[in-house]
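S.K.: The structure under discussion is supplied below as structure tokens; questions concerning it will follow.
Number of protein chains: 2
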Amino acid sequence: MKQSQLFTKTRKEAPKDEVAKNAELLIRAGFIHKEMAGVYSMLPLGFRVLNKIIGVIRKEMNAIGGQEMSLTALQDKNLWEATNRWDDGIVDIWFKTKLKNEAELGLGFTHEEPLTALMTEYVDSYRDLPIYAYQFQTKFRNETRAKSGIMRGREFLMKDLYSFSKDEKEHEEFYEKAKKAYGNIFNEVGIGDRTYVTFASGGSFSKYSHEFQTLTEAGEDTIFVSEEKKIAINKEVLNDEVLGDLGLDKSSLVEKKAVEVGNIFSLGTRFSESLNLKYKDETGSEKFVIMGSYGIGSGRLMGTVAEILSDEKGLVWPMSIAPFHIHLILLNDKENKASKAADEFYVELARKGIEVLYDDRDLRAGEKFADSDLIGIPVRVVISEKTIAENVVEVKDRKTGEVHKVSQEEFIRTFGFK
Amino acid sequence: MKQSQLFTKTRKEAPKDEVAKNAELLIRAGFIHKEMAGVYSMLPLGFRVLNKIIGVIRKEMNAIGGQEMSLTALQDKNLWEATNRWDDGIVDIWFKTKLKNEAELGLGFTHEEPLTALMTEYVDSYRDLPIYAYQFQTKFRNETRAKSGIMRGREFLMKDLYSFSKDEKEHEEFYEKAKKAYGNIFNEVGIGDRTYVTFASGGSFSKYSHEFQTLTEAGEDTIFVSEEKKIAINKEVLNDEVLGDLGLDKSSLVEKKAVEVGNIFSLGTRFSESLNLKYKDETGSEKFVIMGSYGIGSGRLMGTVAEILSDEKGLVWPMSIAPFHIHLILLNDKENKASKAADEFYVELARKGIEVLYDDRDLRAGEKFADSDLIGIPVRVVISEKTIAENVVEVKDRKTGEVHKVSQEEFIRTFGFK
């Protein structure tokens, strides 16, 4: 798209009340807009990144048999009373509202209850299982404190998958598949090397849950990392028993700040018992369904990438989730030679299916370069009177800063999707 | 996808409290799930239809220069007080909630206020205009009565576009473009022939707004249709002045029930004045931005298609928004000949990019056919011992009921995307 058409502009400064680096950069670059603490709108550039992240996650969820659907935000009190999660004394992050008849409703902060209840209408026999259902859905959490930008929102898009299995064996097999799929996702969005499968509290139905913790000083969690085994332990559960289970020595672990970018939980029959989700096995006897939940905050993931992969000049997106593949910069001359060449190159790239943000604006080179660095599209391509004279385009890698010159033909031939 | 994997099943009956035909059919066929009155979750089949509808709308919105983004549900009271739309006495469909510090928040029932406020950060000069921004976003409306299934929800997905123009001329040009784009959308989803541009109240800043009303007894609106001019007048504004403006005689009009599937409004400076959205024109003098809003309820559109295009056997989707293009039905024999042939054909169709729901379940032919009619995929293809012996597949058009036999090769060659 032509940058002259894009309605956002970069800003010198983020709002004064914004303290998180991820949000500060994303606001300055025009990716998000702060509505209030912990509540951010997605502007066109941010919307594109979020959609790419959704695409990466969706591919992996479909590959492990996930069926996509979409539950509602408005929640029926009765369902949550059945699992004892309605009371604000027990769950302290509810947003609640009311129908005109004064009946109380909640805004979903997670969706185990409605999906378990829904499944009672579709699960009858062992032949109906396993089921893996997921959604990208807006969650509402009434956080007391919301100062981490889009890394901890009061309203945010989350991918949550729920598994429904016949027995522990079937559950465990899927759980391991999901763990692997999560690893693939964090690799693909460029934070795999600093993301650790982290042992955390399992609640009442399993010894551990698994968090995916990404190292960053901006994280709100503390973990103890074993570099050797590429795993970590959440500080909350660090004790001799856990160390023993994992065969780790405390002295070999390094304490780090991290953000939880994903988590997977074995839920056992916690919800199926409360909401009566049963199936008949081969012998006709009734059993409770074994469940698991698997979450990734898509907005948080975007914030984490923004926080970690940025540098002093701005955002640095990996190609997989960049808002555009290429930032084409026109430095115009008096005779409009560069303008003509850049217009043509823009059309040609688009024809090849390459996504281009084309800076066709009437601004000085320095301003355009600064904007480009701030926005962080992985490849910058400059066309100017000078590059035309040399019959090349100037290509700069946003991450490494490396610059080289190639012909247009060579560029298109070798670009691929790095 | 294989139907044996799909977690939903058809049901003989909808919930007893469901009175709307669209919801009854969609629930029985496993497209949606009723959480409470006016609040429906999208199950995998329904989610696919909704996404196709989104695709149709998105294409048209992008074609007229729309930039996609996503605002939040949680709304800041201050913005709505500035436009005098916070008070429940003035807007009686708010859902409201509270932060922990007791600060009141609203759940957006529309988004003029936050987007207008947002634009004050990006609009400065005439060079920044026009802007067309849109989103598919969940709206919350605390309806007293919600008995029309997904044709009137308390929580529903809506496409809303807002235009920001320099002057009336620029505004009018876009308004006409949007009107045309809306016509394209309703044509493409199969209800164009019974959808009328309908003159309705324009509010304080323009004489008329334009509704897109689709004829159906299930509609909550009453309109007066001019078949000759292919336009209509909403009963609410039917008077001599309107008739005069449109050059219509009351005796030529026919009274009909209809559902409002879309609407476009000129907002003038109603919101830009309240929220101080100004720009500097070529002479440097400040002017208020001229706005318009353009809505389509995507869920309502799905419900309307379900309501109107269905027959006594079930749903009838047009190819453009069908959950799958083809329903492949296996009628197996003892030697599994048909099963082998159907498996292979399924893979081949998928390879061609044709979306297939493959009924590989172990059920009687009658049950499979009844399910297929209820689900309403436009083309049904049967493979059985008999069709194999004849070296054909049996193809049935869901809408017309016409059946014909062709070879597999011929079917693939001629299928295209009808």
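These protein sequence lines map, in sequence, to chains A and B. Under this note's numbering, the first residue of the first sequence carries the number 4, and numbering increases by one thereafter. Under this note's numbering, the first residue of the second sequence carries the number 4, and numbering increases by one thereafter. Cβ coordinates follow ideal geometry from the N, Cα and C atoms, glycine included. Computed from a predicted model, the values in this text were never measured in an experiment.
#1: Return helix, strand or coil for Gly33/A, following the three-state DSSP convention.
#2: At 9 Å on the CB atoms, spell out the chain A contacts of Asp79/B, in chain order.
#3: Can you tell me whether Arg51/A is buried or exposed? The criterion is at least 16 other CB atoms within 10 Å of its CB, across all chains shown.
#4: With a threshold of 8 Å between beta-carbons, can Arg144/B be considered close to chain A, or not?
#5: Would DSSP call Glu124/B helix, strand or coil?
#6: List, from N- to C-terminal side, the alpha helix (DSSP H) runs of 4 residues or more that fit wholly inside the segment 17–69 of chain B.
#7: Exposed or buried, what is Lys142/A when buried is set at 16 or more other beta-carbons lying within 10 Å of its beta-carbon?
#8: For chain A, is any of its Cβ atoms less than 8 Å away from the one on Gln6/B?
#9: Okay, do the segment 107–127 of chain B and the segment 54–61 of chain B touch, 3+ Cβ pairs below 8 Å being the bar?
#10: Is His174/A buried or exposed, if buried means 16 or more other CB atoms sit within 10 Å of its CB?
#11: Counting only Cβ pairs nearer than 9 Å, list the residues of chain A close to Ile56/B.
#12: Taking a Cβ distance cut-off of 9 Å, strictly less, list which residues of the segment 285–311 of chain A are near chain B, in chain order.
#13: Throw me the rounded Cβ distance for the Gly379/A and Val292/A pair, which I believe falls under 8 Å.
#14: Which residue marks the beginning of the beta strand (DSSP E) containing Ala76/B, and which one marks its end?
#15: Leaving out five residues on either side along the sequence, give the residues of the same chain with a beta carbon under 7 Å from the beta carbon of Asn145/A.
#16: Would you report the Cα separation of Lys421/B and Gln8/A, rounded to the nearest angstrom?
#17: State the beta-bridge partners of Phe167/A as determined by DSSP.
#18: Are the beta-carbon atoms belonging to Val264/B and Phe215/B less than 8 Å from one another?
#19: Go ahead and label Lys37/A buried or exposed: buried means 16 or more other beta carbons lie within 10 angstroms of its beta carbon, across all protein chains shown.
#20: Quick check on Arg197/B: does DSSP put it in helix, strand or coil?
#21: Closest to Asp196/A by CA distance: which of Ile329/A, Arg303/A, Arg130/A and Thr217/A is it?
#22: Give a yes or no on whether the C-beta atoms belonging to Pro18/A and Ile35/A are separated by under 8 Å.
#23: Measure how close the beta-carbons of Ile332/B and Asp362/B come, nearest whole angstrom, since I'm counting them as under 8 Å.
#24: Let's test the definition: count the other Cβ atoms within 10 Å of the Cβ of Asn429/B and tell me whether it reaches 16, buried, or not, exposed.
#25: Determine the closest residue to Ala32/B out of Lys80/B, Asn394/B, Leu251/B and Ser313/B, with distance taken between C-alpha atoms.
#26: Are the segment 333–347 of chain B and the segment 219–237 of chain B touching, with three or more C-beta to C-beta distances below 8 Å?
#27: Roughly how many angstroms lie between the CA atoms of Asp243/A and Leu251/A, to the nearest whole one?
#28: Along the beta strand (DSSP E) that carries Gln8/B, what are the first and last residues, could you check?
#29: Following the continuous alpha helix (DSSP H) through Leu352/B, name the residue where it begins and the one where it ends.
#30: According to DSSP, what are the bridge partners of Gln140/A?
#31: Excluding sequence positions up to five away, which residues of its chain have a Cβ less than 7 Å from the Cβ of Asp91/B?
#32: Near Val228/A, which residues of its chain fall below 7 Å by C-beta distance, leaving aside the five closest residues on each side in sequence?
#33: Within its chain, find whatever has a CB closer than 6 Å to the CB of Trp83/B; leave out the 5 residues flanking it on each side and keep chain order.
#34: For the segment 75–104 of chain A, enumerate the residues whose C-beta is nearer than 7 Å to any C-beta of chain B, in chain order.
#35: How is Ile188/A classed by DSSP in three states: helix, strand or coil?
#36: Mind pulling the chain A residues with CB within less than 7 Å of Ser73/B?
M.R.: If we stick to the structure as given:
#1: coil
#2: Glu38, Met39 and Val42
#3: buried
#4: no
#5: coil
#6: 24–31 and 47–66
#7: buried
#8: no
#9: no
#10: buried
#11: Those do not exist, as Ile56/B stays about 13 Å from chain A at its closest Cβ, beyond 9 Å.
#12: none
#13: Their Cβ separation, rounded to whole angstroms, is 45 Å, which puts Gly379/A and Val292/A out of contact at 8 Å.
#14: From DSSP, Ala76/B is part of no beta strand (DSSP E); its letter is neither H nor E.
#15: Ile96, Trp97, Phe98 and Arg157
#16: For Lys421/B, the predicted structure reports a pLDDT of 45, less than 50, and the residue's modelled location is therefore unreliable. A value from the coordinates is still provided. Cα-Cα distance, rounded: 36 Å.
#17: Ile134/A and Met294/A
#18: yes
#19: buried
#20: helix
#21: Thr217/A
#22: no
#23: 5 Å
#24: Residue numbering for chain B in the displayed model covers 4 to 421; residue 429/B lies beyond these limits and cannot be assessed.
#25: Ser313/B
#26: no
#27: 9 Å
#28: Counting along the chain, Gln8/B falls outside any beta strand (DSSP E), and DSSP gives it neither H nor E.
#29: Lys340 to Arg354
#30: Met161/A
#31: Trp97
#32: Tyr199, Ala235, Leu256, Val257 and Lys259
#33: Trp89 and Glu116
#34: Thr75, Ala76, Leu77, Asp79, Phe98, Lys99, Thr100, Leu102 and Lys103
#35: helix
#36: Ser44, Met45 and Phe50
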